[in-house]
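Undergrad: If you read the sequences in order, they're chains A and B.
For the record, in the first sequence the residue sitting at position 108 is 108 according to the working numbering, with numbers rising by one throughout.
Every position in the second sequence, counted from 1, becomes a number in the working numbering once 109 is added.
Virtual Cβ for every residue (Gly too), placed ideally from N, Cα, C.
The structure is given below, and queries will be raised subsequently.
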Amino acid sequence: AQRVTQPEKLLSVFKGAPVELKCNYSYSGSPELFWYVQYSRQRLQLLLRHISRESIKGFTADLNKRETSFHLKKPFAQEEDSAMYYCALRSGSARQLTFGSGTQLTVLP
Amino acid sequence: ETGVTQSPTHLIKTRGQQVTLRCSSQSGHNTVSWYQQALGQGPQFIFQYYREEENGRGNFPPRFSGLQFPNYSSELNVNALELDDSALYLCASSLAGRGAADTQYFGPGTRLTVL
Chain A
1 AQRVTQPEKL LSVFKGAPVE LKCNYSYSGS PELFWYVQYS RQRLQLLLRH
51 ISRESIKGFT ADLNKRETSF HLKKPFAQEE DSAMYYCALR SGSARQLTFG
101 SGTQLTVLP
Chain B
110 ETGVTQSPTH LIKTRGQQVT LRCSSQSGHN TVSWYQQALG QGPQFIFQYY
160 REEENGRGNF PPRFSGLQFP NYSSELNVNA LELDDSALYL CASSLAGRGA
210 ADTQYFGPGT RLTVL
């Protein structure tokens, strides 16, 4: 069965510092991985997907199949990045998402 | 373009009761997925509906059931409510098929409290 692990429930960094949110997965097939973000009082929204190889709001994430990881990185954190971040893996006939338990990022001034 | 909407926003029920939650999918989307998010956890997949039929199901008992209507809106029904059913219920709509259009767009959720 597939599993997504986000080892840090809480992460605090200072504005301008680099940030890395960790995500590890367990899946026997070829993974499709995503990062979703939930800002305060807003709905869950897609941040980026590994297949697009894009940078959104300065965030990037590289799929490492050898280490089964999909860590989210940003070189210079901003206060507006404070939010809950979820890593998710898509699989199954319904292409459903399996989410990690989330990391609450706080960027301090 | 209209986003995903859910009703009601909040709901309080007692153990043993039945509840129906509603979801209107985003314009142009034909697939609806339901997720349960317990406090402090990530969303957990309940089931998905495509073309008015269940298209996949997570590890939830049969007392969790659903419907999809011809306009692609959907309902989640939970019978014989238990205290552990207290959670945020999220609906996500998407357009079946590969590519960017397959992205799941989430609604704001319905907060269910079972007393």
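Helix, strand or coil for B:A209 per DSSP?
TA: One-based indexing of the second sequence puts residue 209 of chain B at position 100. Low confidence applies here, because B:A209 scores a pLDDT of 49, under 50, leaving its location unreliable and the question unanswered by this model.
Undergrad: Can you list the residues of chain A that B:L120 reaches, using a CB-CB cut of under 8 Å?
TA: Residue numbering aside, residue 120 of chain B sits at position 11 when the second sequence is read from its first letter. Correct list: empty, because the minimum Cβ distance to chain A is about 18 Å.
Undergrad: By the DSSP assignment, the beta strand (DSSP E) with B:I121 in it spans what residues?
TA: One-based indexing of the second sequence puts residue 121 of chain B at position 12. B:I121 -> beta strand (DSSP E) spans 119-122.
Undergrad: In angstroms with no decimal places, state the Cα-to-Cα distance between A:Y85 and B:T123.
TA: Here the question's residue 85 of chain A lines up with position 85 in the first sequence. Here the question's residue 123 of chain B lines up with position 14 in the second sequence. Between A:Y85 and B:T123, the C-alpha separation is close to 32 Å.
Undergrad: Nearest-angstrom Cα distance between A:A17 and A:T103?
TA: Taking the first sequence and counting its residues from 1, one reaches residue 17 of chain A at position 17. Taking the first sequence and counting its residues from 1, one reaches residue 103 of chain A at position 103. Roughly 17 Å separates the two Cα atoms.
Undergrad: What's the call for B:G208, buried or exposed, on a 16-neighbour Cβ count within 10 Å?
TA: What you label residue 208 of chain B is simply residue 99 of the second sequence in a count that begins at 1. Its pLDDT being 49, under 50, B:G208 is placed unreliably by the model, and the measurement read from it follows with that caveat. Answer is exposed; the Cβ neighbour count stays below 16.
Undergrad: Below 8 Å on the Cβ atoms is my contact criterion, and I expect A:F70 with A:Y36 to pass it. Report the Cβ-Cβ distance as a whole number of Å.
TA: As a first step, residue 70 of chain A must be located in the first sequence, where it is residue number 70. As a first step, residue 36 of chain A must be located in the first sequence, where it is residue number 36. No, A:F70 and A:Y36 are not in contact; Cβ-Cβ is about 12 Å, not under 8 Å.
Undergrad: Any contact of the segment 149-168 of chain B with the segment 90-103 of chain A, i.e. 3+ C-beta pairs under 8 Å?
TA: Contact holds: three or more Cβ-Cβ distances are below 8 Å.
Undergrad: For B:S133, which residues of its own chain have a beta-carbon under 6 Å away from its beta-carbon, when the five flanking residues on both sides are left out?
TA: Taking the second sequence and counting its residues from 1, the one referred to as residue 133 of chain B is at position 24. So the list reads T114, S182, once near-sequence residues are dropped.
Undergrad: How about B:A196 and B:Q213: do their beta carbons lie closer than 8 Å?
TA: The count along the second sequence starts at 1 and reaches residue 196 of chain B at position 87. The count along the second sequence starts at 1 and reaches residue 213 of chain B at position 104. No, the pair does not count as a contact, with Cβ atoms beyond the cut-off.
Undergrad: In the DSSP assignment, find the unbroken beta strand (DSSP E) run with B:E163 in it and report its ends.
TA: Mapped onto the second sequence, residue 163 of chain B falls at position 54. Element bounds for B:E163: 162-166.
Undergrad: Quick one, which residues of the segment 80-95 of chain A are near chain E if we go by CB-CB under 8 Å, in chain order?
TA: Of the protein chains in this structure, namely A and B, none is chain E.
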